[in-house]
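Just so you know, the protein sequences line up as chains A and B, in that order.
Here full-length UniProt numbering is used: position 57 in the first sequence is 57, and no number is missing along the way.
Here full-length UniProt numbering is used: position 25 in the second sequence is 25, and no number is missing along the way.
Read the structure below first, then the notes.
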Amino acid sequence: MKTLKFILGITTVVLFSAFTLIKDNQGYKVGDVATDFTLENIDGKMVSLSDYKDAKGFIVVFTCNTCPYAVAYEDRIIALDKKYAKKGYPVIAIMPNNPEVQSGDRMEAMQARAKAKGFTFPYLMDKGQEIYPQYGATKTPHVFVLQKENKGNVVKYIGAIDDNYKDANAVNQKYVEEAVDALLEGKSVKETHTRAIGCTIKV
Amino acid sequence: MKRIVLVIATIVLVACKENKTTPNAEKEGVETSEAIDLEVYDFKGLEKMLSTQSDTTYVVNFWATWCKPCVKELPYFEKLRSNYKDKNVELLLVSLDFPAKYESKLKPFIKEHNLKSKVVALDDPGMNTWIPKVNENWSGAIPATLIFNKTERKFFEKSFTYDELETELKPFLN
Numbered sequence: 001m002k003t004l005k006f007i008l009g010i011t012t013v014v015l016f017s018a019f020t021l022i023k024d025n026q027g028y029k030v031g032d033v034a035t036d037f038t039l040e041n042i043d044g045k046m047v048s049l050s051d052y053k054d055a056k057g058f059i060v061v062f063t064c065n066t067c068p069y070a071v072a073y074e075d076r077i078i079a080l081d082k083k084y085a086k087k088g089y090p091v092i093a094i095m096p097n098n099p100e101v102q103s104g105d106r107m108e109a110m111q112a113r114a115k116a117k118g119f120t121f122p123y124l125m126d127k128g129q130e131i132y133p134q135y136g137a138t139k140t141p142h143v144f145v146l147q148k149e150n151k152g153n154v155v156k157y158i159g160a161i162d163d164n165y166k167d168a169n170a171v172n173q174k175y176v177e178e179a180v181d182a183l184l185e186g187k188s189v190k191e192t193h194t195r196a197i198g199c200t201i202k203v
Numbered sequence: 001m002k003r004i005v006l007v008i009a010t011i012v013l014v015a016c017k018e019n020k021t022t023p024n025a026e027k028e029g030v031e032t033s034e035a036i037d038l039e040v041y042d043f044k045g046l047e048k049m050l051s052t053q054s055d056t057t058y059v060v061n062f063w064a065t066w067c068k069p070c071v072k073e074l075p076y077f078e079k080l081r082s083n084y085k086d087k088n089v090e091l092l093l094v095s096l097d098f099p100a101k102y103e104s105k106l107k108p109f110i111k112e113h114n115l116k117s118k119v120v121a122l123d124d125p126g127m128n129t130w131i132p133k134v135n136e137n138w139s140g141a142i143p144a145t146l147i148f149n150k151t152e153r154k155f156f157e158k159s160f161t162y163d164e165l166e167t168e169l170k171p172f173l174n
């Protein structure tokens with residue numbers, strides 16, 4: 001009887017969540033062409049995806065200084081760039097928060113953080129906060145893996161870096177690496193969409 | 001057990017304060033000597049609290065002490081609790097603070113803000129598995145809020161004002 005109740009309960013939950021599911025999901029879905037941008041880097045230069053003539057694709061990471069989850073992933077983001085930039089998939093980090101709201105994410109703070117951690121990739125300010133909504137980033141960290149194709153930079157993966165924010169050594173699945181490895185081998189990405197807790201983008 | 005602690009606390013307090021024992025001081029003494037009992041769950045443990053067969057309506061908020069918009073809206077959840085406690089509404093604040101911060105950040109926060117709603121901590125790194133179980137639409141950003149009773153269920157990945165929260169709760173009470 002208890003089991004039956006439990007099953008009924010779960011069914012109800014599933015049914016109701018299925019009905020509340022229908023919501024306009026803004027932002028990209030896998031298969032969409034991602035917009036290029038021209039955003040200011042921490043060195044004062046402007047960076048666009050089109051600057052990377054030799055890239056095969058990109059690991060676009062929306063991240064920031066102030067979110068503990070983003071901070072927990074900093075070393076792993078650096079490792080991704082070190083591993084994949086030379087294979088044609090550089091990391092492009094974009095800071096989506098409004099620095100007026102989150103002072104720890106001002107340009108000077110970004111510069112300081114990048115220097116302290118030795119970021120090997122551009123760390124761009126989404127000035128005016130126009131790029132993250134187009135991608136549909138909702139939090140930091142939030143990753144979009146893009147592949148350069150004839151029609152543009154096509155979204156191949158959206159989500160988390162891996163399956164354990166707490167402990168890099170306890171990770172079972174490295175989602176971004178699996179996605180990029182598949183693309184490098186000319187295969188399709190198996191897991192195209194994952195989720196992780198993150199900090200809301202501050203507007 | 002609680003009573004013993006209380007008595008001891010009072011005695012200690014009386015002893016320390018010498019002749020200045022007022023009822024107020026007594027109350028303060030109890031508060032500061034009472035340790036905060038934090039229940040920590042993995043998702044399997046928490047999941048049981050995310051559905052009900054009773055007549056209670058639950059408002060569950062996912063938050064963390066480091067999350068500014070979460071901290072900003074906490075008073076609205078507290079206000080909701082106090083305004084609707086007689087209408088069979090219960091609040092549950094699920095903290096996503098890092099376990100290493102339970103003692104240094106979370107517990108002092110609960111105490112400092114005198115949170116009356118039930119606070120539990122969720123410690124489960126398997127986020128890609130449990131986030132969609134809370135709601136298929138949740139990208140994982142916090143604050144996030146779930147309102148449910150035995151027949152209805154609604155999920156919000158957003159910040160609330162008190163009025164918005166009340167507006168969303170009301171249909172559950174009819």
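Virtual Cβ for every residue (Gly too), placed ideally from N, Cα, C.
Here the structure is a predicted model, which is why all the values come from computation and not from measurement.
Taking a contact as a CB-CB distance under 8 angstroms, the pair A179 of chain A and K151 of chain A does not count as one, their CB atoms being some 19 angstroms apart. Residue contact with chain B for D105 of chain A: absent (no Cβ-Cβ distance below 7 angstroms to any residue of chain B). For I131 of chain A, the enclosing alpha helix (DSSP H) begins and ends at I131 to Y135. Taking the C-beta atoms as reference points, A160 of chain A is found no nearer than 7 angstroms to A112 of chain A. Sequence-distant partners of F156 of chain B (beyond 5 residues in either direction) whose C-beta falls short of 6 angstroms from its own C-beta, in its chain, are T145. Here the C-alpha atom of V145 of chain A lies approximately 16 angstroms from the C-alpha atom of S48 of chain A. Judged by their CB atoms, L74 of chain B and R81 of chain B are not nearer to each other than the 7 angstroms cut-off.
Listed by position along chain A, the residues whose Cβ is nearer than 9 angstroms to that of W138 of chain B are R195. Of the residues A:K53, A:K29 and A:A93, the one whose Cα lies closest to the Cα of N65 of chain A is A:A93. Under the Cβ criterion of 7 angstroms, A141 of chain B is counted among the residues facing chain A.
Note that the C-beta distance between D105 of chain A and V91 of chain A is not below 7 angstroms. Pairing L106 of chain B with S117 of chain B gives a Cβ-Cβ distance that is not under 7 angstroms.
For E112 of chain B, the secondary structure class from DSSP, reduced to helix, strand or coil, is helix. With a contact defined as Cβ atoms closer than 8 angstroms, D163 of chain A and V171 of chain A qualify at about 6 angstroms. Contact annotation for P68 of chain A against chain B: W66 and F98 [CB-CB distance below 7 angstroms, chain order]. Residue contact check for D163 of chain A against chain B: a CB pair falls below 7 angstroms.
With three or more CB-CB distances shorter than 8 angstroms, the region 34-53 of chain A counts as touching the region 127-142 of chain A. P125, G126, M127, N128, I131 and P132: these are the residues of the region 111-133 of chain B whose beta carbon lies less than 7 angstroms from some beta carbon of chain A, given in chain order. For F148 of chain B, the three-state secondary structure derived from DSSP is strand. Short of 8 angstroms from the beta carbon of L169 of chain B, and not among the five residues preceding or following it, lie these beta carbons of its own chain, in chain order: T57, V59, L80, Y84, V89 and I147. The beta-carbon of P69 of chain B is placed less than 7 angstroms from the nearest beta-carbon of chain A.
Approximately 7 angstroms separates the beta-carbon atoms of E47 of chain B and K133 of chain B; this is inside 8 angstroms, confirming the contact. Taking all protein chains shown into account, N169 of chain A has fewer than 16 neighbouring C-beta atoms within 10 Å of its C-beta and is therefore exposed.
Contact between K56 of chain A and Y89 of chain A holds: CB atoms are separated by about 6 angstroms, below the 8 angstroms threshold. Judged by beta-carbon spacing, G198 of chain A lies within the 7 angstroms limit of G140 of chain B, meaning their Cβ atoms are closer than that value.
Closer than 7 angstroms to the CB of K166 of chain A there is at least one CB belonging to chain B.
Taking the C-beta atoms as reference points, H142 of chain A is found nearer than 7 angstroms to F62 of chain A.
Y132 of chain A is positioned such that its CB atom lies closer than 7 angstroms to that of I201 of chain A. For K154 of chain B, the pairing in a beta bridge is given by DSSP as B:I147. The Cβ of K139 of chain A sits closer than 7 angstroms to at least one Cβ of chain B. Collapsing the DSSP output to three states places Y89 of chain A in coil. In the three-state DSSP reduction, S188 of chain A falls in the coil class, being neither helix nor strand.
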